[in-house]
Structure formats: C-alpha cells, structure tokens
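K.L.:
A single structure is presented below for examination.
Protein chains in written order, with our numbering: chain A, 20 to 697; chain B, 38 to 197.
Right, here's the structure in full:
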C-alpha cells in the first residue's frame, strides 16, 4: 500500500515540475505551439492534484487498516483509535500535515485551472506560480519528510497512538480550517504576482481573486478561533490565547490578510495603493510559510510545535527564494503600479484605510518581533529570555484598541472627502452611546485608574459599543432612505439595502462580530478561580455558585482509562447542572490528559453569560480524593458568538449583489443609487 | 446597556488580586509547558507546585517584588520571567514596537503629503479628461460611490 503512495508522490512531483517548466515556456514563447504547451501544463497541474489526492487516500487508508509497517502510521495511530481521529492522522504529524498542505494546494490549483477560461493568460501565470509552490512541497515530501517511510525490523503489534491533546473533536476541524486559510492565500498571491509579471492592465485580477481572498480569510479566521477554543477546552488552563509562537504564527498572516482585504478596496475604487497591496498579499503568503517554518524547524520553542527536524532548512531556502523572486519582479515592473489618483483629504475613507493598514501592520510587527525576540536576544547576548503574555498584553492591546476605534470610524467616512457636518451627523449618536457606556460603568464602580486592565476593559467596552452603534446606524440610515422611497418597512428596507451591496454590509456585520468578540475578551480581568480537594459531599464556592462533589469514579475504555468526578452545581438553593471533570490516561502513548468541563451559564445569566470551567487536576495520594480546580470566566461565550457573527458576515458578503433597483423620486432629480460603495 | 450591566456586575469579582497573583502571572512555569506559572495545570508537573510554594514562602518572608523575582531568576534562570526586563539589550524588545509605530506614522504622513501634492497618473490606455467633462465624471462617481446616505438625502433635499 505504501508503495502506491510513494509512487503517487513521485508522479505528483514530476507532474508539478512539468506544469511549472512547460507553463513558463508556454508563457515565454509566442506562436501556435505555445498554446498547446500551455494546455499540457494546465492539465499536468490538474493531474498533480489527482496524484496528491491518491497519496492522501493511501495514507488515510493505511491509518484505517492499522498498517504499522508505515512509520508515520506507527507513530501517530493505534488500533483502538476511533475513526474520526484515524482520519485526522493525515494532519497530526509532520509528514502527514505537509501532505495535507500539498493536497489543499492541489485542490485550490485544480479549481483555478478548471476555471481558466475566465482569463486564460492571467490564469496561466497564476497556475505556474502555484506549480512552483507545489514543487517545493512535493520535494519536501519526496526527499525530506516522507509520509510513506517504512518501519525497520519486525512489525510492531500496535502503534504509539495519537497525541492525547489532539484527541478532541475540534482537532478534526481546526487544522483543516487553518490550513485552508494558510494555503488559500497562495491563490491571491499567485494572481497578484502573475498580474505584476505580465503588467496586467486594470484591476480585473482583484475582482477575480476577491472571493478567493474572502473565503481564504474566513477559513483562517475560523481556524484561529477554533484553535483558541481548542486551547480553552482541552489544555485546561482556563484561557484561550497564550501568545504561543504557534498561535502567533497563525495570527500574523491573518493580520496582513485583513489589511489586504481593506486596502484592496482602495485599488478597486480609486486605483491607489497598488504597490502596497502587492506587498501585502506577498507578505501574507510569506508569513503563512514563515509560520510553517516556525512550527516545524524547532527554531523557536512552542508548546505545540512539531518535532525539530531538518526541514527547517528547506523552508528557510524557500522563504529566501520566494522573497528574492518577488523583489526581482517588483523592482522590474513597479512602474506599472503607479497610483491613478491622489488623496484629496485626510478625512476620507482612503486615509482611514491607510491608518487601518498601519495599525494592522504594526500589530503584525509586534507579534513577529515578540515571537523572534528570544532568538535575537540569544544571538546578541547569548542569554535566553521569555517573551510571554505580559509583553503582548502591554504592547498589542493598545494597538488593538486603536484598531477598534478605526473599525468604528472608518465605515462612516466617505470616499475622497468627508465634510465636518457629515462627520458630526454620523457620529453624534454612536458617540453619545459609547460615552454613556463609559460613564455608566464608572458610576457603577469600574475604576480604570486603579488598574490598567480595568482601563483596557472600559475602553474596549466603549469602543465595542461605538462599533456596534455605527454599524447599526449605517443600516438604519440606509434602510430609512430606501423605506422612504419604496414604502417598505424598515427591516425589509435594511434587507434590501444589504442585498444591493452585500460586500459592504456583510463587511459591517463582520465588524459587528468583531465588537462582540471584544466584549467576550474584555471579561478576562474579572476571571476568578478556586481549587480544592473534594471528597464525598465536599463543597467549594466560586462566584455565585456552590460546587458539591457527589461522587468520583474510574472507568476503563479500549483507548484510555479515566478518572472523573461528579460535581453538582448550585446557584443559591437551586441545582443548575451536574458537571463531570475528567482525567484520562491514554494507553498507547502512555500520556495523561485532563478533559475540562465547561458549563456556559447562558440559561441563568443571558446578559452576564459566563463559563463555569472545571478541571480534574489529580488525586491526593493520601486521601484518594480528587483535586478540582474551578474557573469562572465572564463573557467568554461571547467570543464564540462573535465568531459566528463574523462568519455570517463573510458569507453574506459573498452573496452576489442584487441588480440595483432604481425607484422614482417624487421630484425630477435622478435617483441616487444607494449603497453602491464599499 | 447589556455591556454596562455585564461589566459592572463583574467588578466585585476581580478586585482581590493579590501580590501572589501578580507575581505568579509575571513568571513562567519552567517545566517546558510555556505557560504562566499560575496557569500551568499539567498533571504531575514537577515544577509549578514547588514554585508556587516558594512564591508563597517569599511573600510570607516579606520579600519585595524585585527580590522575589531575582531569587527565582537565580534559581531557574532568566527564562522564568514572562516578559523582557527593562534593562540592557532587553529594552530593545519594548522600544521596537513604539519605534515601528513612529516610523509607520511618519511614513504614512510622508505618503499622504506626497499624494496630495502629486498629480495623479492617468491609467494606462485611458485618455485624460478635464474641464466640464471631468466635473461630470466626478459628480457621477460621487453619486455612484455614494459618499453617505445623509449626503444623498441632503442633496435630494437641496434639489427639492
């Protein structure tokens, strides 16, 4: 079986090399032969996908068949592993995840290549660039991180098993989402570089890649949040973001990708920021590869990095080569990227995008700097230091607050120039609402001058309110204009408004989702925790809740043995739930893992929703009683609700616009299309 | 209002943060888990319990924050501190983000000025327009890219 996989990978490498070389030759030559050559290159690219898919199927089949003659399967699976995790074996280790990366790139490339008639020449350039990236990954798979390496010596009876941390349902979803995001940014990059190389006239390439970019961004967003939720629900430390290098690696391309999604609108609408955009899309692609380099080279220690290996050198070379290639074409063709318009006013949508980009890039730089500084310090001073959460909280949080302010302000600014009157009119009520929130919080006892974290919470609450109100006011004002003209109800008019410009109003919904996420985060300074050993009937209090240990027991399952406690949760005299914090011992890997229990108190406190989070920490060897740690994390569920809103906003932004309906005004004047801008 | 109720009602919950919490969150567990000392929850972690006990003992002795941190650095090495100190080369860690902000703002200002002063290049293959024709295009662009709804309704009012 493994031989088929190995052969498929070799064939895939050959096909991708052909797709790359023949694609270049076809683009470089003129004449009838070049068209046929280009077509063979395209088909080779499509066939690469088929070959990589075959290799992936072989690897997953080997996992399901418990084929421990395959070294990768031996190290990442075992007989009693349940079916979903056997499927997840594909991306659970170094070699498999690289194969998965190659598969996703092949899939994206396949979709791109079968849609080549949209613009054959531009797609041919993009196809060649994707083939070049694919060649790199297939070289890695064939010569540095082979997923079909065979076990030496006698055949083992069982495998080492999957890392217990990965045996969680989200782990079946989180990596694919994240990888779809990482890999997906190769597509806009390929189009951008292709457009630069061929000096593509106009901005059509942006229209072609718009959906790719948004979908990719959405995947990366979901991947990051699922990762945060996984950390929250599995690692058992009560938090969701630890500024670990691997987390940072996913955040960096997200920040530049978000900057690109905004600034690309300036290029579409005004023909501005062309050079900037092409750098942004390259940076996003490059940072995605850099993140992979960080997690796989072992150069920076991380709680969930892959094992140190030699493939870091391969990635370093690829990063250098891709940078050099990009800079070469940029320098050669940059005259093609001159701006078509000039900035007319500092108080305009354009300038808000500029500052939005500045802040997003600053946030990205801060994360990059913090991630690399331990290594820099080691090189300079030969002393190891840690750059952990306190650094990021001090440096990145203020930047995030400024970004939130721009999220509120930006949508209310008009393209080209905004009059002071218009600004006042648009901002008045959202500002009143925001200030009212701040004043009320201080009246009710928030003392931001006592603690910086309270200050941040106050500011975040005010700005989140500002974002929410500006989004709402945009919908209401636009809805009123339509309702006034068409006689529809306000809600119907707002729906109509969204359908006329889905991208714009979908974007506003995403902004609203960001505000909701921020509400979830701002509860962090108010977290509480308690810990105690709990025998039968023992009680522990946390916040308004009393935890009573009803029992504790053990259980043996094929894949793991477990110890767990049964904890009744009371609020006052009323029992609200029963929770079962657990600790498992995985037999194959001989590793222990806690399984925290989370109860969102949404049914008791919808507004003040908080997570009651219990961890089975261990057993007191003398008494045999379990030690239970309880966290009470306010507002956290809003983070996940905010993500749903963000995804909903992105999906609505992808819906095609309805044809603008022109309604007759009661006067002679031409009807003004509503919601035509972004 | 949701926000006010939510956050203010939580206030009483979080204000009993102690020096133990503060110092415990300024240090890392050294077991290799890359977690803050007070957040390390590894079952059977050989370090965090011991380190927490040492922290409690230092506070009981009345050691100052600096002295306590210094003692931990001497025992566990510099990586025990969760963020770079503001001394020596480590200052660079704190300075660089703000330097980047300064450079970024200055760069943005330079770009904005250059844009405002530079005549825009016409898109390739498109003839330049000027005079009344340019005004007409501008008016059309303004209407089609909306400005804002207030402005749209305002101009409609004016026309009326």
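Here a beta-carbon is modelled for each residue, glycine too, at the ideal position from N, C-alpha and C.
For the putative contact between residue 392 (chain A) and residue 130 (chain B), defined by C-beta atoms under 8 Å, what is the C-beta separation to the nearest angstrom?
P.N.:
5 Å
K.L.:
Please check the pair residue 161 (chain A) and residue 28 (chain A), which I expect to be a contact at CB under 8 Å, by giving their CB distance rounded to whole angstroms.
P.N.:
5 Å
K.L.:
Alpha helix (DSSP H) containing residue 383 (chain A): first to last residue?
P.N.:
368 to 400
K.L.:
Is residue 168 (chain A) closer than 8 Å to residue 91 (chain A) when the C-beta atoms are compared?
P.N.:
Judged by beta-carbon spacing, residue 168 (chain A) lies within the 8 Å limit of residue 91 (chain A), meaning their Cβ atoms are closer than that value.
K.L.:
Which runs of the alpha helix (DSSP H) at least 4 residues long sit entirely within the segment 194 to 244 of chain A? Give them in chain order.
P.N.:
205 to 216
K.L.:
Please state if the CB of residue 531 (chain A) and the CB of residue 664 (chain A) are separated by a distance shorter than 8 Å.
P.N.:
yes
K.L.:
Quick one: complete beta strand (DSSP E) runs, 3+ long, within the segment 561 to 605 of chain A?
P.N.:
564 to 575, 579 to 590, 593 to 598 and 601 to 605
K.L.:
Quick one: what's residue 633 (chain A) bridged to in DSSP?
P.N.:
For residue 633 (chain A), the beta-bridge partners assigned by DSSP are A:616 and A:649.
K.L.:
With 16 other CB atoms within 10 Å as the buried threshold, where does residue 162 (chain B) fall?
P.N.:
Residue placement at residue 162 (chain B) is poorly supported in this model, since its pLDDT is 48, which falls under 50; the coordinates still yield a value, given next. Per the 10 Å Cβ criterion, exposed.
K.L.:
Going along the chain, which residues of its own chain have a beta-carbon closer than 7 Å to the beta-carbon of residue 218 (chain A), five neighbours each way excluded?
P.N.:
352 and 355
K.L.:
Per DSSP, what kind of secondary structure is residue 89 (chain A) in: helix, strand or coil?
P.N.:
strand
K.L.:
Of all the alpha helix (DSSP H) runs that stay within the bounds of the segment 401 to 486 of chain A, which reach a length of 4 or more residues?
P.N.:
408 to 428 and 439 to 462
K.L.:
May I ask you to report which of helix, strand or coil DSSP gives residue 113 (chain A)?
P.N.:
helix
K.L.:
Output yes or no for whether 8 Å exceeds the beta carbon distance between residue 92 (chain B) and residue 69 (chain B).
P.N.:
Against a cut-off of 8 Å, the Cβ pair of residue 69 (chain B) and residue 92 (chain B) comes out as no contact.
K.L.:
Determine the burial state of residue 408 (chain A): buried for a count of at least 16 other Cβ atoms within 10 Å of its Cβ, exposed for fewer.
P.N.:
buried
K.L.:
Could you tell me which residues DSSP puts in a beta bridge with residue 500 (chain A)?
P.N.:
Under DSSP, residue 500 (chain A) shares a beta bridge with no residue.
K.L.:
So the candidates are A:280, A:567, A:211 and A:244; which of them puts its Cα closest to the Cα of residue 234 (chain A)?
P.N.:
A:280
K.L.:
Taking the C-alpha atoms as reference points, what is the distance between residue 54 (chain A) and residue 538 (chain A)?
P.N.:
Looking at the two C-alpha atoms, the distance is approximately 56 Å.
K.L.:
Closest Cβ-Cβ distance between residue 18 (chain A) and chain B: below 8 Å?
P.N.:
This structure leaves residue 18 (chain A) out entirely; chain A is present only between 20 and 697.
K.L.:
Taking buried to mean at least 16 other C-beta atoms within 10 Å of its own C-beta, is residue 560 (chain A) buried or exposed?
P.N.:
exposed
K.L.:
Would you call the segment 631 to 641 of chain A and the segment 657 to 676 of chain A in contact, with 3 or more CB pairs under 8 Å?
P.N.:
no
K.L.:
From the DSSP output, in three-state form, read off residue 62 (chain A) for me.
P.N.:
Helix at residue 62 (chain A).
K.L.:
Going along the segment 388 to 407 of chain A in order, which residues come within less than 9 Å of chain B, judged by CB to CB distance?
P.N.:
388, 389, 392, 393, 395, 396, 399, 400, 402, 403, 404, 405, 406 and 407
K.L.:
Which residue marks the beginning of the alpha helix (DSSP H) containing residue 547 (chain A), and which one marks its end?
P.N.:
Looking at the DSSP string, residue 547 (chain A) is not in any alpha helix (DSSP H); the run it does join, the beta strand (DSSP E), is 547 to 552.
K.L.:
Indicate whether residue 526 (chain A) and residue 668 (chain A) have their beta-carbon atoms separated by less than 8 Å.
P.N.:
Taking 8 Å as the cut-off, the Cβ atoms of residue 526 (chain A) and residue 668 (chain A) count as close.
K.L.:
Tell me, please, whether the CB atom of residue 126 (chain B) is closer than 8 Å to any CB atom in chain A?
P.N.:
Yes, residue 126 (chain B) lies at the interface with chain A (some Cβ there is under 8 Å from its Cβ).
K.L.:
Would you kindly report the start and end of the unbroken alpha helix (DSSP H) that includes residue 24 (chain A)?
P.N.:
For residue 24 (chain A), the uninterrupted alpha helix (DSSP H) run begins and ends at 21 to 47, by DSSP.
K.L.:
What are the boundary residues of the alpha helix (DSSP H) that includes residue 286 (chain A)?
P.N.:
Start and end: 264 to 289.
K.L.:
Quickly, what does DSSP pair residue 118 (chain B) with across the bridge? List them, please.
P.N.:
B:64
K.L.:
For residue 289 (chain A) and residue 141 (chain A), I'd like the C-alpha separation in whole angstroms.
P.N.:
22 Å
K.L.:
Say whether chain B places a C-beta atom closer than 8 Å to the C-beta of residue 256 (chain A).
P.N.:
yes
K.L.:
Is it true that the CB of residue 431 (chain A) sits closer than 8 Å to the CB of residue 410 (chain A)?
P.N.:
no
K.L.:
Leaving aside the five residues before and after residue 422 (chain A) along the sequence, list all residues of the same chain whose C-beta is less than 8 Å from its C-beta, in chain order.
P.N.:
375, 378, 379 and 382
K.L.:
Which of the three DSSP states, helix, strand or coil, is assigned to residue 73 (chain B)?
P.N.:
strand
K.L.:
Taking only the alpha-carbon atoms, compute the straight-line gap between residue 428 (chain A) and residue 488 (chain A) and give it to the nearest angstrom.
P.N.:
11 Å
K.L.:
I'd like to check one pair, residue 216 (chain A) with residue 144 (chain A): are the Cβ atoms closer than 8 Å?
P.N.:
yes
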